[in-house]
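Here the structure is laid out as C-alpha cells; the discussion comes afterwards.
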Amino acid sequence: MSSLRFSFSPSSIRPLPSLPCSAKHSIVPSSALAGVSRGCSSSDGVYVSINGGEKRRRRSRAFRVRSSLDTAGPTATVGQVTEVNKDTFWPIVKSAGEKTVVLDMYTQWCGPCKVIAPRFKELSEKYLDVVFLKLDCNQDNRPLAKELGIRVVPTFKILKDSEIVKEVRGAKIDDLVHAIETVRSS
Numbered sequence: 001m002s003s004l005r006f007s008f009s010p011s012s013i014r015p016l017p018s019l020p021c022s023a024k025h026s027i028v029p030s031s032a033l034a035g036v037s038r039g040c041s042s043s044d045g046v047y048v049s050i051n052g053g054e055k056r057r058r059r060s061r062a063f064r065v066r067s068s069l070d071t072a073g074p075t076a077t078v079g080q081v082t083e084v085n086k087d088t089f090w091p092i093v094k095s096a097g098e099k100t101v102v103l104d105m106y107t108q109w110c111g112p113c114k115v116i117a118p119r120f121k122e123l124s125e126k127y128l129d130v131v132f133l134k135l136d137c138n139q140d141n142r143p144l145a146k147e148l149g150i151r152v153v154p155t156f157k158i159l160k161d162s163e164i165v166k167e168v169r170g171a172k173i174d175d176l177v178h179a180i181e182t183v184r185s186s
C-alpha cells in the first residue's frame with residue numbers, strides 16, 4: 001500500500017468554493033507542530049499533548065484536501081480543442097455541466113476535416129464559454145461514433161446538459177458558427 005504525503009505552505013492555502021466547509025479556518029503548518037508528541041480526538045475538539053506534559057484544547061474542524069487522485073480523470077481546457085476517445089468523451093461532457101459542448105467528429109484521411117480543423121481551433125479561442133472536443137472516428141472509437149449517429153465526416157455535434165441539441169454535417173463553418181450562437185443564447 002502506498003501513502004500520500006501533503007505539505008502546505010501558508011501561501012498555497014486558499015479558500016475554495018468546492019470545499020464542503022466554510023474554509024475560514026487556518027491550517028497549521030507542519031513546522032508549528034514540531035513539538036506535538038500525540039493527539040487524541042473527542043466529540044467536541046482535539047486535545048493535543050505538547051512535549052512537557054502541557055495540554056491545549058483545540059477545536060476540531062473538518063476540511064477536505066483534494067489531491068491529484070481526487071481530480072484525476074479526463075478534463076477539457078477552455079480556449080483549446082481537446083482530443084477525446086470512447087472512454088473520455090462522456091465524463092468530459094458530464095463535467096461540462098451547463099456549458100455548451102461542441103464535438104468535431106473527423107477521420108485522419110478526410111480532406112474537408114483537415115481544411116476545417118484550423119477554423120475549429122480558432123472558434124475554441126473565440127468562445128471561451130464553450131468546450132470544444134474532437135473525436136477521431138477510427139476503429140477504436142467506432143462504438144461511440146455509432147452511438148452518436150455519425151453518417152458523414154466531418155460532423156459537428158453540439159451538446160447542452162449532456163444532450164445533443166444541434167448537428168452540422170460537412171465542413172460548413174458558417175452553419176457551425178450559427179449553431180453555436182443559437183445554442184449559447186438559448
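Numbering-wise, the UniProt record's numbering puts 143 at position 143 of the sequence shown, and it's gapless, one number per residue. Even for Gly, the Cβ is constructed at its ideal location relative to N, Cα and C. None of these values were measured; they are calculated from a predicted model.
(request) Within its chain, find whatever has a CB closer than 7 Å to the CB of S136; leave out the 5 residues flanking it on each side and keep chain order. (result) In the sequence as presented, Ser is not what sits at residue 136; that position holds Asp. So the qualifying residues of the chain are Y106, T107 and Q108.
(request) Check the C-beta distance from A116 over to A171 and give it rounded, since I have them as a contact under 8 Å. (result) In the sequence as presented, Ala is not what sits at residue 116; that position holds Ile. About 4 Å; that satisfies the 8 Å criterion.
(message) Less than 6 Å between C-beta atoms, sequence neighbours within five positions excluded: which residues of the same chain meet that for V81?
(response) The beta carbon of V81 sits closer than 6 Å to the beta carbons of K121, S124, F132 and K134 from its chain, once the five residues preceding and following it are set aside; these are given in chain order.
(request) Could you spell out where the beta strand (DSSP E) holding E163 opens and where it closes? (result) According to the DSSP assignment, E163 belongs to the beta strand (DSSP E) that extends over E163 to R169.
(request) Check the Cβ-Cβ distances between K114 and every residue of chain C, and say whether any is below 8 Å. (result) The question asks about chain C, but that chain is absent: this structure has only one protein chain.
(message) Alpha carbons only, please: which of T100, R142 and P112 is nearest the one belonging to T157?
(response) The identity of residue 157 in the sequence shown is Lys, whereas the question assumes Thr. Taking the Cα of K157 as reference, the smallest distance to any Cα among T100, R142 and P112 is reached at T100.
(request) From the DSSP output, in three-state form, read off V177 for me. (result) Note: V177 maps to helix in three-state DSSP.
(request) Report the residue from D140, V183, P112 and P143 whose alpha carbon sits nearest the alpha carbon of S162. (result) Out of D140, V183, P112 and P143, V183 has the C-alpha closest to the C-alpha of S162.
(message) Using C-beta distances below 6 Å, list every residue in its chain close to L128, excluding the 5 sequence neighbours before and after it, in chain order.
(response) Excluding sequence neighbours, L128 sits near V78 and G79.
(message) Judging by CA-CA distance, which residue of D87, W90, I164 and V153 is the nearest neighbour of G111?
(response) The option with the nearest alpha carbon to G111 is V153.
(request) Could you name the residues of the same chain whose beta carbon sits closer than 8 Å to that of N141, not counting the 5 residues immediately before and after it, in chain order? (result) Hits under 8 Å: N85, K86 and L135.
(request) From the DSSP output, in three-state form, read off V115 for me. (result) Of the three classes helix, strand and coil, the one that applies to V115 here is helix, per DSSP.
(message) Could you check whether V168 and L159 sit closer than 8 Å to each other, using their CB atoms as the reference points?
(response) Note that the C-beta distance between L159 and V168 is not below 8 Å.
(request) Measure the alpha-carbon distance for K166 versus N138 and round it to whole angstroms. (result) N138 has its alpha-carbon roughly 23 Å from the corresponding atom of K166.
(request) Taking 8 Å as the cut-off, decide whether the C-beta atoms of I92 and P118 are in contact. (result) Taking a C-beta distance under 8 Å as the contact criterion, I92 and P118 do not qualify as a contact pair.
(message) Run through the DSSP bridge pairs and tell me what L133 is partnered with.
(response) Residue pairing by DSSP puts L133 in a beta bridge opposite T82 and L103.
(request) Could you check the C-alpha separation between D104 and I150 for me, to the nearest Å? (result) CA-to-CA, the gap between D104 and I150 works out to about 11 Å.
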